[in-house]
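Top line first, the protein sequences correspond to chains S and H.
In this text, residue positions in the first sequence follow numbering that gives the first Met the number 0: the first is 0, and each later residue adds one.
In this text, residue positions in the second sequence follow numbering that gives the first Met the number 0: the first is 0, and each later residue adds one.
Glycine included, C-beta positions come from ideal geometry on N, C-alpha and C.
All remarks here apply to the structure that follows.
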Amino acid sequence: MRRVWAVATNTIRQALRMKVAAIFIVLLLVLLPVMGYTASGDGTLKGRLQTFISYGLSLTGLLLSLLTIIASIYSVTSDIEHRQIYTVVTKPIRRYQLILGKLLGVIVLNVALLTLFSGIIYGVVVLLPRFAGASAEERVQIDNEFFTARASLVPPQIDVSKEVRELYAKLEANDQLEAAYPRSSREEILKYLTQRLRLERRAATIGQVLIWEFKNVRPSDPNNQSLFIRFKYDVSVTPPDEQVYGSWRIGDLRGWQTGTSVDTPVWPVLRKDPVRKFREIEVPATAVAKDGYLAVGFMNPTLNNTVVLFPVDDGLEVLYKADSFLANYVRAVLLILFRLVFLACLGVMAASFLSFPVAILFCLAVFVTGAASGGIIESFGYMSRNVGLVYQYTIQAVIQLLPQFDKMNPAQFLVPARLISWGLLGRVALGLLCLRAALVLVLGLIIFSFRELAKVVI
Amino acid sequence: MDYAIETVALTKVFSDWWGRAKVYAVDDLNLQIRPNEVFGLLGPNGSGKTTTIKMLLGLLHPTRGHALILGGDGTHPKISARVGFLPEESYLYRFLNARETLDFYGRLFGLDSRTREMRTEALLEMVGLKAVASRPVGTYSKGMARRIGLAQALINDPDLLILDEPTTGLDPIGTRQIKDLIMKLAERGKTVLLCSHLLADVEDVCDRIAILYGGKVQAHGRVKDLLQKTNKRQILTSAISDGTADRIRRILQEEHADCEISSPMERLETFFINTVVEAQQQATPTSGAVSTTQIGEFLTAGARQGDILDKLVAAPVVERAEAGPVRTERPQPHEAVVPEPNKDLLAKLTRSASSSKVEPVGPGRTQPAVPTPETTVHQEQVRKNILDELTGKKHPDGSTVKPSEGPGEDGGHA
Numbered sequence: 000m001r002r003v004w005a006v007a008t009n010t011i012r013q014a015l016r017m018k019v020a021a022i023f024i025v026l027l028l029v030l031l032p033v034m035g036y037t038a039s040g041d042g043t044l045k046g047r048l049q050t051f052i053s054y055g056l057s058l059t060g061l062l063l064s065l066l067t068i069i070a071s072i073y074s075v076t077s078d079i080e081h082r083q084i085y086t087v088v089t090k091p092i093r094r095y096q097l098i099l100g101k102l103l104g105v106i107v108l109n110v111a112l113l114t115l116f117s118g119i120i121y122g123v124v125v126l127l128p129r130f131a132g133a134s135a136e137e138r139v140q141i142d143n144e145f146f147t148a149r150a151s152l153v154p155p156q157i158d159v160s161k162e163v164r165e166l167y168a169k170l171e172a173n174d175q176l177e178a179a180y181p182r183s184s185r186e187e188i189l190k191y192l193t194q195r196l197r198l199e200r201r202a203a204t205i206g207q208v209l210i211w212e213f214k215n216v217r218p219s220d221p222n223n224q225s226l227f228i229r230f231k232y233d234v235s236v237t238p239p240d241e242q243v244y245g246s247w248r249i250g251d252l253r254g255w256q257t258g259t260s261v262d263t264p265v266w267p268v269l270r271k272d273p274v275r276k277f278r279e280i281e282v283p284a285t286a287v288a289k290d291g292y293l294a295v296g297f298m299n300p301t302l303n304n305t306v307v308l309f310p311v312d313d314g315l316e317v318l319y320k321a322d323s324f325l326a327n328y329v330r331a332v333l334l335i336l337f338r339l340v341f342l343a344c345l346g347v348m349a350a351s352f353l354s355f356p357v358a359i360l361f362c363l364a365v366f367v368t369g370a371a372s373g374g375i376i377e378s379f380g381y382m383s384r385n386v387g388l389v390y391q392y393t394i395q396a397v398i399q400l401l402p403q404f405d406k407m408n409p410a411q412f413l414v415p416a417r418l419i420s421w422g423l424l425g426r427v428a429l430g431l432l433c434l435r436a437a438l439v440l441v442l443g444l445i446i447f448s449f450r451e452l453a454k455v456v457i
Numbered sequence: 000m001d002y003a004i005e006t007v008a009l010t011k012v013f014s015d016w017w018g019r020a021k022v023y024a025v026d027d028l029n030l031q032i033r034p035n036e037v038f039g040l041l042g043p044n045g046s047g048k049t050t051t052i053k054m055l056l057g058l059l060h061p062t063r064g065h066a067l068i069l070g071g072d073g074t075h076p077k078i079s080a081r082v083g084f085l086p087e088e089s090y091l092y093r094f095l096n097a098r099e100t101l102d103f104y105g106r107l108f109g110l111d112s113r114t115r116e117m118r119t120e121a122l123l124e125m126v127g128l129k130a131v132a133s134r135p136v137g138t139y140s141k142g143m144a145r146r147i148g149l150a151q152a153l154i155n156d157p158d159l160l161i162l163d164e165p166t167t168g169l170d171p172i173g174t175r176q177i178k179d180l181i182m183k184l185a186e187r188g189k190t191v192l193l194c195s196h197l198l199a200d201v202e203d204v205c206d207r208i209a210i211l212y213g214g215k216v217q218a219h220g221r222v223k224d225l226l227q228k229t230n231k232r233q234i235l236t237s238a239i240s241d242g243t244a245d246r247i248r249r250i251l252q253e254e255h256a257d258c259e260i261s262s263p264m265e266r267l268e269t270f271f272i273n274t275v276v277e278a279q280q281q282a283t284p285t286s287g288a289v290s291t292t293q294i295g296e297f298l299t300a301g302a303r304q305g306d307i308l309d310k311l312v313a314a315p316v317v318e319r320a321e322a323g324p325v326r327t328e329r330p331q332p333h334e335a336v337v338p339e340p341n342k343d344l345l346a347k348l349t350r351s352a353s354s355s356k357v358e359p360v361g362p363g364r365t366q367p368a369v370p371t372p373e374t375t376v377h378q379e380q381v382r383k384n385i386l387d388e389l390t391g392k393k394h395p396d397g398s399t400v401k402p403s404e405g406p407g408e409d410g411g412h413a
């Protein structure tokens, strides 16, 4: 361990003195405060905070990711390239200890820099309302909608498989499949039908009512807390001002169905909101029934002249305060750290058998692919159905092994003040660190332990 | 017999991209190097010397055969803890300074901080880089880099020293110092594998040599045996008159022996060193003749290496009143980097930093300490004893002591 630490401190020295890290550090130290000053968002204080934290954390994450890739690869390849490795591995240190030392150095450097920069971002975010001269109203708003960590309730996926099968059978019986969906496989048609039927269930024609029901809603302090209904409209015909009305009822709607009175109040809301943008309705948490039941009803009022739809994936959800902003922020930073640790492992693995430029290219490819994993996995999903099973069992397995950085982007949690639960953090740690990073690292250690370190010189 | 280094049918074939054998860099090499031997591996460029060393140390994998160091695998930490290695060039971390460099390598050996500090300081002094120890190694000249490279090879007090071209980049005086150091280390029971194509280096220090060409041993044996011409005799005399020379020639003609009488040439190396030393003696000490190197002291005194070990056992030894032969102790003008005042300051600093050291500092070279041979011998023995205890070797007392040939510069070192 002493030897591993010796290599680690040397790696940190190298990163700092060779000015690899210095460039990134200076860049961030300049950019972060400037961004805090210039971030405007949609003009509101909340918008400013959201813009700053989103760009600040994303920039920090991106630059530290690049730094991690470069530092981890450089620390190994430069030793081989400049042959300091001759004098190091001939000392009583195992090769895996050398690699672990390099890795440890990069990780320690990352922890230090991440602590520094996330501290700066946190400081700016906390101080921004004070310097911006926020009104009392704005303060309440940002306390509720930004400086908090809200758990999210998403309505369960609607099961339409039966209807889809029936519809498919009907189309097949009438020989309409080819006409309606030319040159499509059965799976593609089924998928399309499923999407169509789901969206139909989330569409309200004029005067129609949609109801979402949630169970086990447990706000920690119902009397002093608020619920937030976060939604996004879509429309069949876009109104000239791009806004539609919505008539909402939030509370225990079971009473209405049976006609008996219930203790839980039902909150009526009528408002006008822009389409295709996220909006939130705040109601007191007392709207939740004692058994944890909550219903959200939406009626498309006759004021509108269009069908109102809620997108299947992110049309509506219910949010409530579950933790403090700071705790959530720390977990968000940990998400970044996990990503950096993975990249460091990937870097030393690549450097164990590739030269500096090739290793950089390889890691950047993995990083970019991981950052856009959603689209890539989806595109392979389409392709594999066409090409067949072989494809599915080879390429897809590799694709699934790629880390999905976009799914754990901390900004997407902090901007809507959404809770990053310990469970989520644990799952990311398990998948990214225990599985992928460990796999990559072991591979790197094995390669490095058995390769020839000297060059062929005759 | 347990060899310090043994290779059995060691072969390294470099293949091309298709896996076809292209070059036999080392071909069926069988070497046996005994403990406490200075072994020279000679050969022209590309003869497989460095490849052999790389295989010994596990930097390259042999195609066939195997190599044993100190009876084991060279990559095993237990073995490599006893080996010091100086690669063909001093591959050092450019961003570290000399002190940090030695500290780093010391930590790789798992030495505790106290030991590291002592050995680092002693080695820096030994290779004459103490004054520039806080400068990044990247700014060092080749000779200085070579010295720090040598220092890192000695930080673990190795039993076996593998030196690949140790004198490249060094001037004749530096070369001489390295050669003296190798001989001193050999006297202490170390085994040295010296790899070089500079024949003068090898001839002076090696007990046995092997000449490699094309990856094969072309000749090997004791240097004396290989070079001695048994059918010739050489008579060396003082300057004699021509008449005497004629008489000798006549006597030899009676035996029908060919005879050639001439004045022997001085070796250029000796001449060079003497010239530089004379120049330095004439120069006034304040005229800018400065020194960064104290190698001579440590090399010739024979107990300088012991000095490192002395400090380890923290034996209160009064240091360096002895003087060594002048020729190897002179400062080197071209290595001169730091002006004299700095050196004094540094000396004061280091003295105040480590109280265990009692060193004569101050006027330095202006008043060289000239000890009597008697005290020198006495101190030699004291240090040697400590050294022997540590290394577990017994040498005849005073075998390394050399009489004082002139005023040393010892008083001035820091």
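Just to make sure I have the definition right: I need the residues of chain H whose C-beta is within less than 8 Å of the C-beta of Met348/S. Which are they?
In the first sequence, the residue the question calls residue 348/S occupies position 349. Ordered by position in chain H, no residue passes the 8 Å Cβ test against Met348/S, which lies about 21 Å from the chain.
In angstroms with no decimal places, state the Cα-to-Cα distance between Ile375/S and Phe309/S.
Position 376 of the first sequence, counted from the start, is the residue given in the question as residue 375/S. Position 310 of the first sequence, counted from the start, is the residue given in the question as residue 309/S. Roughly 26 Å separates the two Cα atoms.
Ser14/H: buried (16+ other C-beta within 10 angstroms of its C-beta) or exposed?
Taking the first residue of the second sequence as position 1, residue 14/H is located at position 15. By the neighbour-count rule (16 or more Cβ atoms within 10 Å), Ser14/H is not buried but exposed.
Check Trp266/S in the structure and name its three-state DSSP category.
Against the first sequence, residue 266/S aligns to sequence position 267. Correct three-state label for Trp266/S: strand.
Using the C-alpha atoms, what's the distance from Ile335/S back to Ala349/S?
Position 350 of the first sequence, counted from the start, is the residue given in the question as residue 349/S. Position 336 of the first sequence, counted from the start, is the residue given in the question as residue 335/S. Answer to the nearest angstrom: the Cα atoms are 21 Å apart.
Do the region 84 to 103 of chain S and the region 30 to 44 of chain S make contact, defined as three or more Cβ pairs closer than 8 Å?
no
Closest to Phe447/S by CA distance: which of Leu28/S, Gln96/S, Tyr36/S, Gln13/S is it?
As a first step, residue 447/S is located in the first sequence; it is residue number 448 there, counting from the start. Per the Cα distances, Gln96/S.
Answer with buried or exposed for Gly435/H, where buried requires no fewer than 16 other C-beta atoms within 10 angstroms of its C-beta.
Absent from the structure is residue 435/H, since the part of chain H shown begins at 0 and ends at 413.
If you draw a straight line from the C-alpha of Gln399/S to the C-alpha of Leu431/S, how long is it?
Residue mapping note: residue 399/S aligns to position 400 of the first sequence, counting from 1. Residue mapping note: residue 431/S aligns to position 432 of the first sequence, counting from 1. Taking the straight line joining both Cα atoms gives about 12 Å.
What would DSSP say about Val306/S, mapped onto helix, strand or coil?
If you number the first sequence from 1, residue 306/S lands on position 307. Here Val306/S sits in coil by DSSP.
How would you label Ser89/H, buried or exposed, when you count the other beta carbons within 10 angstroms and need 16 or more for buried?
Numbered from its first residue, the second sequence carries residue 89/H at position 90. The residue in question, Ser89/H, is buried, as its Cβ has 16 or more Cβ neighbours within 10 Å.
Is it buried or exposed, Gly291/S, if we count other Cβ atoms within 10 angstroms and call 16 or more buried?
Residue mapping note: residue 291/S aligns to position 292 of the first sequence, counting from 1. With fewer than 16 other Cβ atoms within 10 Å, it is exposed.
Does the region 267 to 282 of chain S come close enough to the region 160 to 178 of chain S that 3 or more CB-CB pairs lie under 8 Å?
no
On the premise that Val191/H lies in contact with Leu184/H, defined as a C-beta separation below 8 Å, what is that separation, rounded to the nearest angstrom?
As a working note, residue 184/H is residue 185 in the second sequence. As a working note, residue 191/H is residue 192 in the second sequence. Leu184/H to Val191/H, Cβ: 6 Å. Contact.
Compare the beta carbon distance of Val222/H and Cys194/H with 8 Å and say whether it is the shorter of the two.
If you number the second sequence from 1, residue 222/H lands on position 223. If you number the second sequence from 1, residue 194/H lands on position 195. For Val222/H and Cys194/H, no; Cβs fall outside 8 Å.
For the beta strand (DSSP E) that contains Trp211/S, what are its first and last residues?
By 1-based counting over the first sequence, the position of residue 211/S is 212. Start and end: 208 to 213.
Give me the DSSP bridge partner(s) of Lys231/S.
As a working mapping, residue 231/S is identified with position 232 in the first sequence. The partner list for Lys231/S (beta bridge, DSSP) reads Phe277/S.
Answer yes or no: does any C-beta atom of chain S fall closer than 8 Å to that of Ala150/H?
If you number the second sequence from 1, residue 150/H lands on position 151. No, Ala150/H lies away from the interface with chain S (no Cβ there is under 8 Å from its Cβ).
Starting from Ser57/S and walking both ways along the alpha helix (DSSP H), at which residues does that stretch end?
Within the first sequence, the letter at position 58 stands for residue 57/S. Unbroken alpha helix (DSSP H) run through Ser57/S: 44 to 80.
Our contact map puts Lys178/H next to Asp203/H with C-beta atoms below 8 Å; I'd like the distance itself, whole angstroms only.
Translated into the one-based positions of the second sequence, residue 178/H becomes position 179. Translated into the one-based positions of the second sequence, residue 203/H becomes position 204. Yes, they are in contact, since the Cβ atoms of Lys178/H and Asp203/H sit about 5 Å apart, within 8 Å.
Between which two residues does the alpha helix (DSSP H) harbouring Ser79/H extend?
Within the second sequence, residue 79/H is the residue found at index 80, counting from 1. 76 to 79 is the extent of the alpha helix (DSSP H) around Ser79/H.
Closest to Leu196/S by C-alpha separation, out of Arg182/S, Gln175/S, Gln207/S, Asp158/S, would be which residue?
As a working mapping, residue 196/S is identified with position 197 in the first sequence. Taking the Cα of Leu196/S as reference, the smallest distance to any Cα among Arg182/S, Gln175/S, Gln207/S, Asp158/S is reached at Asp158/S.
Per DSSP, what kind of secondary structure is Leu386/H in: helix, strand or coil?
To locate residue 386/H, count along the second sequence from 1; it is residue 387. Residue confidence for Leu386/H is low, a pLDDT of 40 falling below 50, so the modelled location carries little weight; the figure read from the coordinates is stated next. DSSP places Leu386/H in helix when its eight states are reduced to three.
Just checking: is the beta-carbon of Gly42/H within a distance shorter than 8 Å of some beta-carbon in chain B?
Any reference to chain B falls outside this structure, whose protein chains are S and H.
Leaving out the 5 sequence neighbours to the left and right, which residues in its chain are closer than 7 Å to Val3/S when beta-carbon positions are compared?
Here the question's residue 3/S lines up with position 4 in the first sequence. Correct list, in chain order: Gln96, Leu99, Gly100, Leu103.
Pick helix, strand or coil for Arg329/H, following the three-state DSSP scheme.
Your numbering for residue 329/H matches position 330 in the second sequence. Residue confidence for Arg329/H is low, a pLDDT of 41 falling below 50, so the modelled location carries little weight; the figure read from the coordinates is stated next. Residue state for Arg329/H is assigned as coil, using DSSP reduced to three classes.
Can you tell which of Ala326/S, Ala179/S, Leu440/S has its C-alpha closest to the C-alpha of Leu418/S?
Within the first sequence, numbered from 1, the residue matching residue 418/S stands at position 419. Per the Cα distances, Ala326/S.
Counting only the same chain and skipping the five closest in sequence on each side, list residues whose C-beta sits under 8 Å from that of Gln242/S.
The residue given as residue 242/S occupies position 243 in the first sequence. Correct list, in chain order: Lys271, Asp272, Pro273, Val274.
Would you kindly work out how many angstroms separate the C-alpha atoms of Lys215/H and Tyr2/H, rounded to a whole number?
Translated into positions along the second sequence, residue 215/H becomes position 216. Translated into positions along the second sequence, residue 2/H becomes position 3. Those two C-alpha atoms are separated by around 20 Å.
Is there a Cβ of chain H sitting closer than 8 Å to that of Ile24/S, yes or no?
Translated into positions along the first sequence, residue 24/S becomes position 25. Chain H contact via Cβ: absent.
Using a Cβ-Cβ cut-off of 6 Å (strictly less than) and excluding sequence neighbours within five positions of Ala20/H, which residues of its own chain qualify?
Within the second sequence, residue 20/H is the residue found at index 21, counting from 1. Val12, Ser14, listed in sequence order.
Would a check of beta-carbon distances place His196/H closer than 8 Å to chain S?
Residue mapping note: residue 196/H aligns to position 197 of the second sequence, counting from 1. So no, His196/H is outside the interface.
Figure out for me which residue from Asn408/S, Ser378/S, Ser151/S has the closest Cα to the Cα of Ala331/S.
Here residue 331/S refers to the residue found at position 332 of the first sequence. Of Asn408/S, Ser378/S, Ser151/S, the residue nearest in Cα terms is Asn408/S.
So within the region 161 to 241 of chain H, which uninterrupted beta strand (DSSP E) runs reach at least 3 residues, ignoring any that extend past its ends?
190 to 195, 207 to 212, 215 to 221
List, in order along the chain, the chain S residues whose C-beta lies closer than 7 Å to that of Leu192/H?
Along the second sequence, read from residue 1 onward, the residue named residue 192/H stands at position 193. Result: empty, since nearest Cβ-Cβ is about 13 Å, beyond 7 Å.
Is DSSP giving Met17/S helix, strand or coil here?
On the first sequence, position 18 is the one that residue 17/S refers to. If DSSP states are grouped into helix, strand and coil, Met17/S belongs with coil.
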